[in-house]
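K.L.:
Following this message is one structure expressed as structure tokens.
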Amino acid sequence: MNLILVLSKMTFPVSEEITPQVERLLNVITQEHDRQELQELLGLADRENFRKNYLQPAIDAELIEMTIPDKPKSSKQLYRLTEKGKQIK
């Protein structure tokens, strides 16, 4: 019983520093979004810059996740906050 109680109150420490770009990305995510929608919310036109400086670092830090992780290039791919990402936001 105590173990379950402890796990339900568990927090996720952030060991890596969050870049300003990742912080901006976390702040615009309100639900599940596709890549294009996230870029538009951030006012970014360059797809590669978005992927390299915003999306991939947030995924690597486990702050956001893909809805179809086994098909990262799917046209139906959406992104959402993880529990860790929700705590930081």
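Throughout the sequence shown, residue numbering follows the UniProt record's numbering, covering 1 to 89 in sequence.
Glycine included, every Cβ here is placed at the ideal spot set by N, Cα and C.
Keep in mind the model is a prediction, meaning the values are calculated, not measured.
Can you tell which of Glu-23, Ile-68, Arg-47 has its C-alpha closest to the C-alpha of Glu-32?
P.N.:
Cα-wise, what sits closest to Glu-32 is Ile-68.
K.L.:
So is Gln-39 buried or exposed if we call it buried at 16+ other beta carbons inside 10 Å?
P.N.:
Buried.
K.L.:
Taking C-alpha atoms, which residue in Gly-43, Arg-51, Ala-58, Asp-46 lies nearest to Thr-19?
P.N.:
Closest by alpha carbon: Ala-58.
K.L.:
Alpha carbon to alpha carbon, what distance is there between Lys-73 and Arg-51?
P.N.:
If you take the alpha carbons of Arg-51 and Lys-73, they lie about 12 Å apart.
K.L.:
Does DSSP put Glu-83 in a helix, a strand or coil?
P.N.:
If DSSP states are grouped into helix, strand and coil, Glu-83 belongs with the helices.
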